[in-house]
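Heads up, the thing below is written out as structure tokens.
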Amino acid sequence: MKFKKTDLNEVLKTLAREYTVFAPIVENEEKKFMPWAESKDVEMEGLNTIKPPKDVLFPNVEKMYRYKMGLEGFIEEIFPEDTKRILFGIRPCDMRSIDSMDKVFLTKEYVDSYYAKRRDDATIVAFGCTEAGRTCFCESMGLNPNDAPSADVMMNVSADGEDYVLEARTEKGEELVKKLEGLITDGGEAKKDTKCSLVINKAEDLDKKLAKMFEHPIWDKVTKGCIGCGTCTFVCPTCYCFDIDSENYGAEGCKYRCWDSCMFSDYTRLAGGANPRPTKKERLRNRYMHKLSYFNERYGETLCVGCGRCVEKCPAHLDISEFIEKASAAELGKEDK
Amino acid sequence: MALSEKDIELKIREEAKKALATGEVSCVIGWTTTRFPDKMKPFFAETEAECDELVWNKYCINGTAKYALDDRYPSKKFAIIARGCDSRAINRMLKDKQLLRENLYIIGVVCDGKENPICEECQHKNPLTYDVLIGEPVPEQIDEKRFAEVEAFEKLSPDEKYEYWAKQYDKCIHCYACRNACPACNCVECYADQYRTGWQGKASDRIQNQVYGLTRAFHVGDRCIECGECERVCPMGLPIMRQTRKMLKDINDLFGDYECGMPDDAMPVLGGYTLADPDEFM
Ligand code: SF4
Ligand code: SF4
Ligand code: SF4
Ligand code: SF4
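Protein chains in written order, with our numbering: chain D, 524 to 860; chain S, 495 to 776.
Take a look at the structure:
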């Protein structure tokens, strides 16, 4: 199936009648996923967004319940509204990151009802990259920049560059494609030859190796330049930590949750003030270990999808892909068991 | 004759080795390469061999001085490769009593600017404070346009200003990179990290982002050394140095010519009080 590139706006308009369509839109000098409207400037191709689309499913700030104290006191849950949404045009790395978030929020006996609601309501149209950023290394992490296996609909540019080629892969995807009758035609050959810019040497069993490297001297060296900001975690499509806090006005208020960062000093601060991760060494070690080893242990896959965002944006030019190579090549010492 | 980039790099390595050889220095803070030719990262040379990894080129941009705060009670000295801006950062941190001079060994390097827009405005290419200097001192420029951007901005109406900053702070992701990179942000514990005080909400929304932005600008106050790191590190491209420049402009207007990070014993303008201080705004 395919539709003409020039019909993109028509397609989005048609979908927007029944869904809230989050598309890569350039506004306020920034490209990000936001609800489509006719006046918006959509940019499908080019590089991926700086901010990942994760906040459509896992918002930056989410109110959970409101309350009032006193005689007329109450507690009332705030639940995500019923909105059928489409995530339109997310890249394979970001699709894979949603697979990981699904595991976190929906499996192992605990279902996060807020995430589940948004996820159920969402149909995802992935888009094969036509260009790789200089920090993209998803192929080395086992992904394919041209294909997102778990998407509801996979979309690619056609070989002749004139069309977008679609492939519905799930029931939700079929349903979405049905709405486009009249705009889509049969056939179309997808162009799938985009290559990642960075190819890195990653040891096959790096996760198991790292599990033995908690005390390895590598951490002293690689973490020294870190300034402990939250940039890497907030631009990362797979960082899912949150904090819960409240906002109170007199006797009323609400509880909300918001993204947190393991790079912040208060992340592991205990009630009495003690902090088991007192310096950047322990904090960055946790971030890298979580991405490359702890997550594998619990969910059987690596949490870094190689999107390269943190590599591009780290103010101190720390580079997780460089770390992966260093750790892959590192010799284990006697303290590493 | 001015030294070439390569000459300076070799001198830096030589001075770094000398510093380590004294046995009084734990590491030399400078820069080294990454896999990207236009990104040089902060580097901490601890051995003679590592000194040969230190580099000097137009992409050595990150500030070096603030890393000395990683250990406020070091058993040995930090050696810092310091350009003009880094030396100003050191001077201010010394004045703020966040560092002790005897814990530092400063390798000053005359810097003719980096691949960084702020360097075009630099008034201190020569390090102001150092133990050893690499390069011949060069004449300094006066930046006539230092406050031009602020002056243009001041002409907007309050609503236009609000609209401008509201839009900017809608982009902010509340990562604190601007704070963490800034040598003026040298408090042992930032107000924003003091939990349960209710001063700074953790949520990244319009209100909390703006509360943070405003507080940052006011807390930096007279401490801004105009290095531009805050703006460079911001992943979302907020023009936040415009705020600290506004603080500096007001200080210049009220108290006379002022630049932060000079090697003098004067009380910081906002840190002291005299009867002659202007107070018509109170
Ligand atoms: S690794 Fe880089 S982006 Fe992440 S906290 Fe450290 S300095 Fe910030
Ligand atoms: S750790 Fe970095 S490269 Fe890996 S998924 Fe997160 S942002 Fe992307
Ligand atoms: S320019 Fe920015 S980073 Fe540098 S001292 Fe001023 S406020 Fe801090
Ligand atoms: S660096 Fe930019 S995005 Fe991060 S807190 Fe500062 S202004 Fe906000």
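Just so you know, even glycine gets a beta-carbon here, dropped at the ideal spot from N, CA and C.
Cβ-heavy atom distance, residue i to ligand 4, below 8 Å
{"i": "His668 (chain S)", "result": "yes"}
Where the alpha helix (DSSP H) through residue i begins and ends
{"i": "Met730 (chain S)", "result": "Taken as a continuous stretch (DSSP letters only), Met730 (chain S) belongs to no alpha helix (DSSP H), as it is neither H nor E."}
{"i": "Trp659 (chain S)", "result": "652-665"}
{"i": "Tyr633 (chain D)", "result": "It is not in any alpha helix (DSSP H) - Tyr633 (chain D) carries neither H nor E in the DSSP assignment."}
{"i": "Lys591 (chain D)", "result": "Where Lys591 (chain D) is concerned, there is no enclosing alpha helix (DSSP H), although the beta strand (DSSP E) it sits in stretches over 584-591."}
{"i": "Asp743 (chain D)", "result": "741-746"}
{"i": "Thr526 (chain S)", "result": "No alpha helix (DSSP H) holds Thr526 (chain S); the beta strand (DSSP E) holding it covers 519-527."}
{"i": "Thr756 (chain D)", "result": "754-758"}
{"i": "Cys749 (chain D)", "result": "Where Cys749 (chain D) is concerned, there is no enclosing alpha helix (DSSP H), given that its DSSP letter is neither H nor E."}
{"i": "Thr623 (chain S)", "result": "That residue, Thr623 (chain S), is in no alpha helix (DSSP H); it is neither H nor E in DSSP."}
Opening and closing residue of the beta strand (DSSP E) in which residue i lies
{"i": "Glu848 (chain D)", "result": "Unbroken run through Glu848 (chain D) is the alpha helix (DSSP H), 843-852; no beta strand (DSSP E)."}
{"i": "Lys554 (chain D)", "result": "553-558"}
{"i": "Gly602 (chain S)", "result": "598-603"}
{"i": "Val648 (chain D)", "result": "645-650"}
{"i": "Pro576 (chain D)", "result": "Careful: Pro576 (chain D) lies outside any beta strand (DSSP E) and carries neither H nor E."}
{"i": "Met678 (chain D)", "result": "676-680"}
{"i": "Leu610 (chain D)", "result": "608-613"}
Same chain only: Cβ atoms within 7 Å of residue i, ignoring 5 sequence neighbours per side
{"i": "Met735 (chain S)", "result": "Gly722, Cys724, Glu725"}
{"i": "Glu546 (chain S)", "result": "The sequence as given places Asp at residue 546 (chain S); Glu does not occur at that position. These residues qualify, in order along the chain: Arg507."}
{"i": "Lys528 (chain D)", "result": "Glu685, Asp686, Tyr687"}
{"i": "Ser673 (chain D)", "result": "Met618, Asp622"}
{"i": "Phe846 (chain D)", "result": "Val745, Tyr811"}
{"i": "Gly711 (chain D)", "result": "Met524, Lys525, Ser681, Asp686, Val688"}
Top-ranked residue by Cα proximity to residue i, from the options
{"i": "Gly829 (chain D)", "options": "D:Leu666, D:Glu694, D:Ser784", "result": "D:Leu666"}
{"i": "Lys607 (chain D)", "options": "D:Ile573, D:Arg642, D:Ile598", "result": "D:Arg642"}
{"i": "Ala839 (chain D)", "options": "S:Gly731, S:Ala686, S:Gly750, S:Val727", "result": "S:Val727"}
{"i": "Ile555 (chain S)", "options": "S:Tyr561, S:Gln702, S:Lys608", "result": "S:Lys608"}
{"i": "Glu685 (chain D)", "options": "D:Glu848, D:Lys525, D:Gly856", "result": "D:Lys525"}
{"i": "Glu774 (chain S)", "options": "S:Asp747, S:Gly765, S:Tyr752, S:Asp759", "result": "S:Asp747"}
{"i": "Ser623 (chain D)", "options": "D:Val834, D:Cys759, D:Glu770, D:Ala850", "result": "D:Cys759"}
{"i": "Met756 (chain S)", "options": "S:Glu544, S:Glu643, S:Glu720, S:Leu650", "result": "S:Glu720"}
{"i": "Phe572 (chain S)", "options": "S:Leu598, S:Ile667, S:Lys661", "result": "S:Leu598"}
{"i": "Leu514 (chain S)", "options": "S:Ala539, S:Ser581, S:Thr768", "result": "S:Ala539"}
{"i": "Thr693 (chain D)", "options": "D:Lys702, D:Thr653, D:Leu793, D:Asp675", "result": "D:Asp675"}
{"i": "Cys676 (chain S)", "options": "D:Asp728, D:Cys752, D:Lys744, D:Arg540", "result": "D:Cys752"}
{"i": "Asp635 (chain D)", "options": "D:Phe556, D:Pro547, D:Gly696, D:Tyr763", "result": "D:Tyr763"}
{"i": "Ile767 (chain D)", "options": "D:Cys781, D:Asp716, D:Cys777", "result": "D:Cys781"}
{"i": "Lys696 (chain S)", "options": "D:Gly651, D:Trp559, D:Val584", "result": "D:Val584"}
{"i": "Glu596 (chain S)", "options": "S:Lys619, S:Gly602, S:Asp625", "result": "S:Asp625"}
6 Å CB neighbourhood of residue i in its chain, flanking five on each side removed
{"i": "Met761 (chain S)", "result": "none"}
Contact set for residue i: own chain, Cβ-Cβ below 8 Å, skip 5 residues either direction
{"i": "Ile609 (chain D)", "result": "Leu538, Tyr542, Thr543, Val544, Phe545, Ala645, Thr646, Ile647, Val648, Leu699"}
{"i": "Glu662 (chain D)", "result": "Pro668, Lys718, Cys719, Val722, Gly829"}
{"i": "Pro740 (chain D)", "result": "Gly856"}
{"i": "Leu548 (chain S)", "result": "Glu503, Ile506, Arg507, Ala510, Val522, Gly524, Trp525, Thr526, Phe537, Ala539, Ile575"}
{"i": "Leu563 (chain S)", "result": "Met587, Gln592, Leu593, Asn680"}
Residue i CB to nearest heavy atom of ligand 3 below 8 Å
{"i": "Glu638 (chain S)", "result": "no"}
{"i": "Arg700 (chain S)", "result": "no"}
{"i": "Met735 (chain S)", "result": "yes"}
{"i": "Cys721 (chain S)", "result": "yes"}
{"i": "Arg717 (chain S)", "result": "yes"}
{"i": "Ala513 (chain S)", "result": "no"}
Any non-hydrogen atom of ligand 1 within 8 Å of residue i CB
{"i": "Pro838 (chain D)", "result": "yes"}
{"i": "Leu841 (chain D)", "result": "yes"}
{"i": "Ala539 (chain D)", "result": "no"}
{"i": "Leu807 (chain D)", "result": "yes"}
{"i": "Ile741 (chain D)", "result": "no"}
{"i": "Thr754 (chain D)", "result": "yes"}
{"i": "Ala671 (chain S)", "result": "yes"}
{"i": "Gly751 (chain D)", "result": "yes"}
Inter-residue spacing [alpha-carbon to alpha-carbon] between residue i and residue j
{"i": "Arg614 (chain D)", "j": "Arg800 (chain D)", "result": "34 Å"}
{"i": "Thr761 (chain D)", "j": "Lys725 (chain D)", "result": "19 Å"}
{"i": "Asn809 (chain D)", "j": "Arg582 (chain S)", "result": "34 Å"}
{"i": "Glu604 (chain D)", "j": "Glu561 (chain D)", "result": "23 Å"}
{"i": "Glu615 (chain S)", "j": "Glu638 (chain S)", "result": "9 Å"}
{"i": "Ile667 (chain S)", "j": "Ile843 (chain D)", "result": "21 Å"}
{"i": "Glu645 (chain S)", "j": "Val632 (chain S)", "result": "30 Å"}
Closer than 8 Å: residue i CB and nearest ligand 5 heavy atom
{"i": "Ile598 (chain D)", "result": "This structure lacks ligand 5; its bound ligands are ligand 1, ligand 2, ligand 3 and ligand 4."}
Residue i Cβ short of 8 Å to ligand 2 heavy atom set
{"i": "Pro760 (chain D)", "result": "yes"}
{"i": "Arg832 (chain D)", "result": "yes"}
{"i": "Cys616 (chain D)", "result": "yes"}
{"i": "Ser784 (chain D)", "result": "no"}
{"i": "Leu729 (chain D)", "result": "no"}
{"i": "Ser651 (chain S)", "result": "no"}
{"i": "Ser844 (chain D)", "result": "yes"}
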